[in-house]
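Structure record follows, encoded as C-alpha cells.
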C-alpha cells in the first residue's frame, strides 16, 4: 500500500477474494487429513506430492479441536509404515520433520516480526484516512487472517514442542504488539462500518452489477431456471443506493448468497445444462460479489472468520507465559491491554450442544482476565506512586523545618565566621536536581514518566469490553489499585508505633498527602481517570475508624495516639494544657517524653488534624473521649455513694464553718475526686481545641454552610424545647461550633443511666458530686504544682481544666435529668466560695501558699460558664480577693513596654 502511494485509492480487483483471507491453518488441515484418507495419489501425482510436502513442512502439529492437536509426522509415518510402496513417502516425512525442526521456528518468528510492522503501518494509514477502509477492506481481512494463523501456530507449538536447543524461536515476548494491532484493526472496521458499507454499496451497484450483466450476456447457453437466478442477482444489485446507507437501513444479502450456492449446485452436477466449469468468469465474478455483500451486511461475521481467537481459552498456561514475557519488555508495555481484550472472544468458544461447560469457561476467562488487568493496574499504580513519592521527597525539602541549615549558613556569612571545613559535605539546595549538563542523560524520574506513558497507552485500546455477559472496564482496575495503594501509603506516612508512641505530625502528613494529590492529578494527562474521585474516596475512608477493607485508618491512629500519649501524660501533669498558646506543653522532668506535646497540639497541628480526619473523624475521636469521660464519671458516682451522708450534711450546713470543718475531716477521697475531674477537664479542653480548629477549617472550605449553622445555633434560647435544642446543638457541634450544652456529653451521660435507677436518685448524685468538688477545692492549695503560671495561662497541674469539667459535666447531667442548670451551678458557686473563703482564714503558711492560685480557679469557672456571671460571683466572693490574687501571681513576671 505505502510502496505505491498513487495506487492507494484503487480497489484490489481480485477474482478469488475468498482464497486471499482463507486461513492457512484450515488449508493445511484439509491437505494433511485429506491425503491421510486418499494417500494413493501421493505415489502417482507429482503435484499432489508437492502440495503434501509443503503442508508437512508448515509445522509439527495441526489443531483438531480446542487444545487437541495432531502430530502430523508421527501419525502419517505410523500409517504408511505398514504399507507397501510407501518407503519413499516415509523418507519424505522424515525429511520434512527435520526441515521443520531446523527452519520452521525461525521462519515463523520472522513472519511474526514482519506482520507486526505491517499491521502497525496498515493501522496508522487507515486510522489517518478511514476512507481507505472501503477499497482496502480485503487487505485488512488478509492481515487479520495471517496474524491469527501465526498466533495459533505459536500457541499450539509452544505448548507441545519437545525439548530442543532453539526453543527461543517458540517464545515470543512481543506477541502483545501483534494482538494489539489486530484488535485495533477490528475496532476500526467496527467504528467505520458505515464507510465500508457506503463504498461497497456503490461498488455493487455501479460495477459488480454491470460486470455480472456483461458476463451473463456473453454466455452461449442459459437455461430458464439459471437465467431467472442470475437476472435476480443483477436486479438486486442494481437497486442498491447510497441513500439506504444514509438512512441506516438494514442490509441482508443472505438470500443472494444462498441463491449463488443453489446455482453452483445446479451447474456442478453431471450433464448439467449449464456446466459451471465452462464459465469460470461467472464463478470469479460471483465470488467477488459475495465478498462485497459480506462487507455490507456481515462485517462482524467476517471479523469472526478472520481474527477470532477463542481457542486461546484452552491454552491458559501459554497465554499467561506470553503475558509475563511481554510485561518484562519495556517496549511492549503499551500493548499489554491486548491480552485481557482477547478474553472478549472467549464467549464464542462454547458449543450449543454442551451448555453446561459455559459456566466453567466463563469462570476461567474472567479469572484470567481479572488477573491480567490487576497485574497491569499494579504496574501502572506502582509507577504512578513512585513518581508521587519522588515528588513528595522534593516537596519535603521545601518544608520550613529544613531551612535551619540555610539560615545558619547565611548567619555565618553575615558574621564573617569561618565556614565548615572542606571535608564536610554540604547538602544540595532544593532544585539542584533540575540542573542538567546533558539532556540525553535520563534521570530516574524521566524513566518512570516514560514507563507511565507506555503503560497508560495500553488503556487506549478500549474504554470497556465484554467477557461473556460481564462488562469489563480496565480503568476501574487501575482506580481500585491506586485507591488501595494510596490507602497503604498514607498509613505508612502516618508512621505510628504503638511501642515507642511515635507518630508523624499531622501537618507533615497533610503536606505529604497534598504532594501526592498534586502529583496524581498529572495522571489525568496520561489516561482518563477521575483523580478527584480517587482522592475523595481515599481521604473519606480515612475519616472513618476502618476503611472499606477493614483496615485501620489515620483517624484511628491519631485518636489512639492523642488519647494514649498526650492525654494520658496530661493526666499525670507531665504535659500541661496551655490556654495562652492554645496547646499542650511538655513539662521539663527527669523522665523526658519521646515527643514534645506543643509540636503536636498547637493550632496549626490541630487544624491539620481536622483537615485530615474531617468532621467524621472528629466525631469518632469525640466518642472515644466521651468513653473515657463516662468511665471517670462512673468512678466519681461510686465515691459520692460512699460519702453520701457526709455530703448531704455538708450541703445543708455549708454556712456553719465549725461543723463544716468537722465534716471535712470525715470526708475521704477529696483529692481523688479532683484528680478525676481534672482528667475530665483535660479531655474536654483538648476536645474544645480540636473543635475550634475544625470550625476554622470548615469556615475556610464551606463558609456558605457555616453561616446558616451559626445563625441557627444563635437562634436557640433557654425557652426552646430541649429536644430541638439538642438537635441544633448536635448539628453545630458537628461543625466545630461551641455550644452551651455539649450534645455528645449529654448522649454519653444518658447512655450511662440504667432503667433501674430513678431520675431523682441520679439528680441527687449529680448535686452531691458538685458538693464533693466544691468542698474539696481547698485541698488543691496543698499541692506545690497548683501554682498559676502566667506564661501558660493556667496551673502547672492542669487544675484550671476543672472549669471546663464542672461547667460542661453539670450542664450535661442536669440536661439529662431535665433540671435547671443555672440554679444548680449557683448553689455550687455559693458552696465553693464559702469553702475558699474559709481557706483564707487559715493562718498556716503551708495551706495558704497557693491560695491566690486557687482563688483564680473560681474566676475561671465563672468565665468559662454560659450560665454564671460576674455579678453572681461578686455576690458570694469579694472581687478584691480576686484582684489581689491576680496581682500576687503576676509579681514574678516583669512586664516591659517597647
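Residue numbers (mature numbering (1 follows the signal peptide of the UniProt record, and there is no 0)): -18 to -1, 1 to 880.
Each residue gets a CB set at the ideal place from its N, CA and C atoms; glycine is no exception.
Spatial distance of residue i from residue j (CA atoms)
| i | j | result |
| --- | --- | --- |
| residue 814 | residue 633 | 11 angstroms |
| residue 835 | residue 501 | 54 angstroms |
| residue 631 | residue 637 | 11 angstroms |
| residue 529 | residue 181 | 57 angstroms |
| residue 650 | residue 593 | 45 angstroms |
| residue 104 | residue 58 | 40 angstroms |
| residue 387 | residue 580 | 23 angstroms |
| residue 345 | residue 452 | 11 angstroms |
| residue 438 | residue 292 | 26 angstroms |
| residue 597 | residue 49 | 59 angstroms |
| residue 727 | residue 618 | 16 angstroms |
| residue 383 | residue 487 | 12 angstroms |
| residue 540 | residue 527 | 10 angstroms |
| residue 611 | residue 740 | 22 angstroms |
| residue 239 | residue 246 | 11 angstroms |
| residue 300 | residue 279 | 35 angstroms |
| residue 749 | residue 471 | 51 angstroms |
| residue 864 | residue 818 | 12 angstroms |
| residue 126 | residue 172 | 14 angstroms |
Residue i burial status per 10 Å Cβ neighbour count (16 or more: buried)
| i | result |
| --- | --- |
| residue 110 | exposed |
| residue 12 | exposed |
| residue 274 | buried |
| residue 423 | exposed |
| residue 869 | exposed |
| residue 228 | exposed |
| residue 395 | exposed |
| residue 647 | exposed |
| residue 609 | exposed |
| residue 358 | buried |
| residue 828 | Here residue 828 scores only 48 on pLDDT, less than 50, and its place in the model should not be relied on; the value that follows carries that caveat. That one is exposed. |
| residue 116 | buried |
| residue 405 | Residue placement at residue 405 cannot be trusted, given a pLDDT of 49 that sits under 50; what the coordinates show is reported in the next sentence. Under this definition residue 405 is an exposed residue. |
Helix, strand or coil at residue i [DSSP, three-state]
| i | result |
| --- | --- |
| residue 882 | Outside the shown range of the chain (-18 to 880) lies residue 882, about which nothing can therefore be said. |
| residue 663 | helix |
| residue 775 | coil |
| residue 461 | helix |
| residue 770 | strand |
| residue 251 | coil |
| residue 46 | strand |
| residue 51 | strand |
| residue 338 | coil |
| residue 232 | coil |
| residue 479 | strand |
| residue 866 | helix |
| residue 430 | helix |
| residue 503 | helix |
| residue 22 | helix |
| residue 798 | helix |
| residue 827 | Reliability of the predicted coordinates at residue 827 is poor, the pLDDT of 47 falling under 50, and no value is obtained from them. |
| residue 379 | coil |
| residue 511 | coil |
| residue 602 | helix |
For residue i, the residue or residues it bridges with in DSSP
| i | result |
| --- | --- |
| residue 568 | 557 |
| residue 447 | 454 |
| residue 484 | 479 |
Closest Cα partner of residue i within the set the options
| i | options | result |
| --- | --- | --- |
| residue 236 | 261, 272, 214 | 272 |
| residue 326 | 343, 338, 462, 334 | 343 |
| residue 55 | 31, 47, 82 | 82 |
| residue 436 | 562, 158, 293, 454 | 158 |
| residue 525 | 531, 511, 536 | 536 |
| residue 729 | 753, 704, 718 | 704 |
| residue 313 | 200, 162, 231, 285 | 162 |
| residue 295 | 541, 322, 616 | 322 |
| residue 196 | 267, 520, 185, 483 | 267 |
| residue 190 | 173, 222, 841, 200 | 222 |
| residue 625 | 817, 475, 753 | 753 |
Chain B within 8 angstroms of residue i, Cβ atoms only
| i | result |
| --- | --- |
| residue 741 | Note that chain B does not occur in the displayed structure, where there is just one protein chain. |
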